[in-house]
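**Student:** This structure is in structure tokens; I'll ask about it shortly.
Numbering (the working numbering), first residue to last: 14 to 173.
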């Protein structure tokens with residue numbers, strides 16, 4: 014997977030209110046508490062098969078004390094989880110789901126971490142449909158901080 018952006022973030026207003034906030038995300042995503050990773054969705058385009066969301070990386074996030082003491086770094090596993098939640102939300106929207114479908118994590122391909130993410134930044138996540146069926150999906154996803162791709166992966170989801 015090339016490290017070129019899946020979507021040019023300058024095409025959208027990154028300061029606009031989200032088109033989907035916590036309530037809308039909770040209506041489709043089942044993660045709760047500390048695993049509600051995604052803060053909002055800023056852009057969703059069915060024709061381009063693209064979704065853009067964000068997470069504010071805060072100094073008081075639950076993982077900061079332990080990963081890594083004295084120099085908190087947003088864990089790669091949580092980057093993947095946040096990207097997967099964004100892609101899952103998009104998939105469920107496209108399928109017209111009303112909350113009854115359960116999604117599981119099917120795997121990852123071509124995962125790369127390309128930068129360190131520390132508290133005090135907004136991390137943008139982009140998902141682009143690669144393949145979609147009623148029982149599974151694959152999306153390309155990237156995490157971007159200050160115009161730099163910090164991670165990318167192909168996420169595989171399975172619907173039950």
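Don't be surprised by glycine CBs; every beta carbon is placed ideally from N, CA and C. Just so you know, these numbers come straight off a predicted model, no measurement behind them.
1) Thinking just about the alpha-carbon of each residue, which of 45, 67, 17 is nearest to the one in residue 30?
2) If you reduce the DSSP assignment to three classes, tell me which class residue 77 lands in.
3) Give the list of continuous alpha helix (DSSP H) stretches no shorter than 4 residues that lie fully inside the segment 56–121.
4) How far does the beta strand (DSSP E) with residue 155 in it reach, from first residue to last?
5) Between which two residues does the alpha helix (DSSP H) containing residue 23 stretch?
6) With a threshold of 7 Å on Cβ separation, who are the neighbours of residue 96 within its own chain once the five nearest residues in sequence on each side are excluded?
7) So what does residue 136 bridge to, in DSSP terms?
8) Would you mind stating whether residue 20 and residue 65 have Cβ atoms separated by less than 8 Å?
9) Are there 16 or more other CB atoms within 10 angstroms of the CB of residue 85, so buried, or fewer, so exposed?
10) Determine the burial state of residue 27: buried for a count of at least 16 other Cβ atoms within 10 Å of its Cβ, exposed for fewer.
11) Apart from the five residues just before and just after residue 63, which ones in its own chain have a Cβ nearer than 6 Å to its Cβ?
12) Does the distance from the C-beta atom of residue 50 to that of residue 94 stay below 8 Å?
13) From residue 14 to residue 123, what does the alpha carbon distance come to, in whole angstroms?
**Tutor:** According to the structure data:
1) Taking the first residue of the chain shown as position 1, residue 30 is located at position 17. Among 45, 67, 17, the Cα nearest to that of residue 30 is on 67.
2) Residue mapping note: residue 77 aligns to position 64 of the chain shown, counting from 1. Note: residue 77 maps to coil in three-state DSSP.
3) 89–107
4) Within the chain shown, residue 155 is the residue found at index 142, counting from 1. Residue 155 -> beta strand (DSSP E) spans 149–158.
5) Within the chain shown, residue 23 is the residue found at index 10, counting from 1. Looking at the DSSP string, residue 23 is not in any alpha helix (DSSP H), and its letter there is neither H nor E.
6) Along the chain shown, read from residue 1 onward, the residue named residue 96 stands at position 83. These residues qualify, in order along the chain: 138, 140, 154, 156, 166, 168.
7) Taking the first residue of the chain shown as position 1, residue 136 is located at position 123. According to DSSP, which records beta bridges pairwise, residue 136 is partnered with 68.
8) As a first step, residue 20 is located in the chain shown; it is residue number 7 there, counting from the start. As a first step, residue 65 is located in the chain shown; it is residue number 52 there, counting from the start. Closer than 8 Å, so yes.
9) The residue given as residue 85 occupies position 72 in the chain shown. Buried, because 16 or more other Cβ atoms sit within 10 Å of the Cβ of residue 85.
10) Translated into positions along the chain shown, residue 27 becomes position 14. Exposed, by the Cβ-count rule.
11) In the chain shown, the residue the question calls residue 63 occupies position 50. So the list reads 20, 141, once near-sequence residues are dropped.
12) Your numbering for residue 50 matches position 37 in the chain shown. Your numbering for residue 94 matches position 81 in the chain shown. Yes, Cβ-Cβ distance for residue 50 and residue 94 is below 8 Å.
13) One-based indexing of the chain shown puts residue 14 at position 1. One-based indexing of the chain shown puts residue 123 at position 110. Annotation note: pLDDT 48 at residue 14 (below 50); position unreliable, coordinate value reported separately. Between residue 14 and residue 123, the C-alpha separation is close to 6 Å.
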